[in-house]
Amino acid sequence: MSGQIPEQLIEEVRQANDIVDVVGDYVSLKKQGKNYFGLCPFHGENTPSFSVTQDKQIYHCFGCGKGGNAFTFLMEIEGFTFQQAVEHLAEKSGYELPEHVKGQQNSVNHQDQDSLMAYQWLTKFYHHILEHAKESKHAKDYLYNRGLNDEMIERFQIGFSPEVQELTPQFLEKKGFNLQQMVQSGLLMRNDHNKVYDRFRGRIIFPIRNHLGKTVGFGGRALGDDEPKYLNSSESSLFQKGKMLFNFDLARSAIKKEKQAILFEGYMDVISAFQVGIENGVATLGTSITDTQASLLKRYVDTVVICYDGDHAGREASYQAAQRLKKAGCDVRIGILPTQLDPDAYIKEYGAKRFKHEVIEASSTYPAFTMFYFKGKYNLQVEADQMAYIDQITNELATVERAIDREHYARELANQFNLSIENIVEEIDKKRSQNHRYHKDRTRSESHTNHYVKKQTKNKLLPAYHNAERKLLTYMLYDRSIAEKIKHQLGANFNIDMHKVIVTHLYAFYEDGYDANVSQFIERIPDDVIKNDVIQMAMEPVLTDMTDEEIDDYIRIIKGEKEEKATIRDLVQKQKQAELNKDYVLAAQIGMEIVDLQKRLKSRSR
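Those letters in the sequence shown? Residues 896 to 1501, per our numbering, in order.
Spelled out as structure tokens, the structure:
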């Protein structure tokens, strides 16, 4: 599995990267007891069932069943090969891999690798032009006039593509890239005269990075009257704008620290906020927020503040974004700006302090925003519109989880129209009950975790010998000396075939001189089903003072099961022989013995 990377180096890389930190780059984890819990990144859920165990350096989801170590996690979430996962963590922790194993990245095709490299070169190229070329003076003046300083231009590697059509293709060709391949990848364009050119010519370039900090696309801002005003790279396997957020790589740590993300509409809003110390801002890439982007934010943080333009279009977009984020389970707040301003303009006019206090910190809750939003949809001087508005707001309040919040806004609605709060609350509760029944029915039929819970319930009824084998294996994973004791007294003579495979691998692991280390051991198991079973056992709590008497009791249960099953097999053969000899009395007596033994086995299984 490890290919040409020395096993000792793999283990050093593993030990240098705490799995809590590795997983924490993708999932917001909260410590509960000895373990850390968060929302599983591999399947949709609202209640955390994803557990990370720091002392064993493994993770396991009790909802979908996925589990493994730090390498496995990166392979699952990034699509890395094992070698790529090792390379990524080695680079992160400062380890140098041998030259002959670097760059053998099999899961990403050669064209994507070339495109990724081309994006890195073009990022430097465009930025160099902005900083040093005479043709870029008007572009740099534009950025200065927008309030950006040199530090931000450098930090975000903002660049400029001049109007010269041949410049970028010539640069890439000199670097050894195939221009036809660059056209196929969407980095370059070809016109009707079969001429290759830069689709971003004449535009300010904003590099768009993935969460690993690698440029995978560009956003180009026109300086003149060219349309569209903003132009993104074309969709590709590397760049999918519905799955990415601008500045997410830089904002991620701040999002976790601040315990909230700020969702802006544009690049300049994000950069202007970053410049004044608001570093937890991200933006969609010219489209409405998608379910994927909303789920991405939810993995890291509970609260998202939407801060869009203050005009009518901005408020419409805020409402649509709020719906998506609520659906993903986020606590949504909305920063309200004056009608004529966007966040960038507000910061310039009123300063960072007022933006933080009067927009971000004073952001409206979702119910308050919907009351404000829908007031613009109805003529509240007309009775029919009043009733439609009340119906709309009670629908919205029925989705609010906390009863105290529902009552607060119900009182506000009742006071606004001089109605009884009791009637408003009754209407909300009725709608909430209807919604609850609907969601409950859907949950029963669609939930991933329900299937797993049923499976776990069945597992509680496992036979005594099965539970004994799992308990012993759990302790054998934890303590090499216990494994040695079991090896001499029981060997691999377990009753369950999967347990036989696991214990055989475990004996071989210890015989190779390794100490107890579940995170390292699971890499020796090629079968994912067996590997996940090991991880489930490893997640079980263990007592450090397990006595020899307890171990002997488990062994006795396991051996007893095997012996009685062997006895039954022998009796079945004797019964068949008695029937062949036409000794039906003896056959009946043997049959009674078999029934008694089977009853005894069945009673022990309960």
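We treat Cβ as the ideally placed atom computed from N, Cα and C, and that holds for glycine.
When the Cα atoms are used, what is the spatial distance from residue i to residue j?
i	j	result
L934	T942	7 Å
I1430	S946	11 Å
Y954	E1256	36 Å
L1158	L992	39 Å
A1247	Y1373	54 Å
A1433	K1193	28 Å
L1043	N1175	18 Å
H1005	P1064	20 Å
N1290	V1424	45 Å
I914	K1019	33 Å
M1163	A1279	43 Å
Y1333	L1292	Bear in mind that a pLDDT of 45 at Y1333, under 50, signals an unreliable position, so the model cannot answer this.
F1404	L1368	14 Å
M1441	F1134	53 Å
D950	A1363	24 Å
V1320	E1211	27 Å
I1420	I1184	41 Å
P1123	S1315	52 Å
T1198	Q1215	16 Å
E1488	K925	56 Å
I1288	T1265	7 Å
T1260	F1267	11 Å
Let me know the secondary structure DSSP gives residue i once reduced to three states.
i	result
G933	strand
V1196	coil
K1154	coil
H955	strand
Y1347	With a pLDDT of 43 at Y1347, under the threshold of 50, the predicted position of this residue should be treated as unreliable, and no value is reported.
G1209	helix
D1226	strand
G1172	coil
T1260	strand
S1315	coil
S1056	strand
G963	strand
N1040	helix
Y1241	helix
L1011	helix
V1467	helix
M1434	coil
Which same chain residues, not among the five before or five after residue i, have their C-beta less than 8 Å away from its C-beta?
i	result
D1186	R1219, K1222 and A1223
G1115	S1056, R1094, F1095, R1098, I1099, I1100, F1101, Y1125, L1126 and N1127
V908	V981, L984, A985, S988 and Y990
E906	Q1415
Y1284	F1269, K1270, K1272, Y1273 and L1275
Y1245	E1253
I1151	Here residue 1151 turns out to be Lys, not Ile, going by the sequence shown. Correct list, in chain order: G919, S923, Y1195 and V1196.
A1473	Y1479, L1481, A1482 and I1485
S1167	R1041, G1042, L1043, P1238, D1239, I1242 and K1243
G1181	G1114, Y1125, N1127 and K1136
What do you get for residue i, buried or exposed, if any count of 16 or more other CB atoms within 10 angstroms of its CB means buried?
i	result
R1297	exposed
E1322	buried
I1299	exposed
G1119	exposed
D1237	buried
G928	exposed
L1475	exposed
D1080	It is Ser, not Asp, that sits at residue 1080 in the sequence shown. S1080 is buried by the Cβ-count criterion.
T1234	exposed
In chain order, what residues of the same chain lie with their CB nearer than 6 Å to the CB of residue i, ignoring the 5 residues before and after it?
i	result
N1427	G960 and G962
A1387	K1395, V1398 and T1399
F957	S944
L1232	G1205 and Y1241
M970	A980
Y1203	E1160, G1209, A1212 and S1213
Can you check DSSP and say which residues form a bridge with residue i?
i	result
A1117	R1098
V1091	R1085
T948	N930 and I953
L1126	G1115
A1178	F1141 and F1159
T1110	R1104
T942	Looking at the DSSP assignment, T942 forms no beta bridge with any residue, so it has no partner.
F1250	According to DSSP, F1250 bridges with nothing at all.
K925	F932
I1201	L1158 and I1229
Leaving out the 5 sequence neighbours to the left and right, which residues in its chain are closer than 7 Å to residue i when beta-carbon positions are compared?
i	result
Y1360	N1390, I1452, I1453 and E1456
K1382	Y1402
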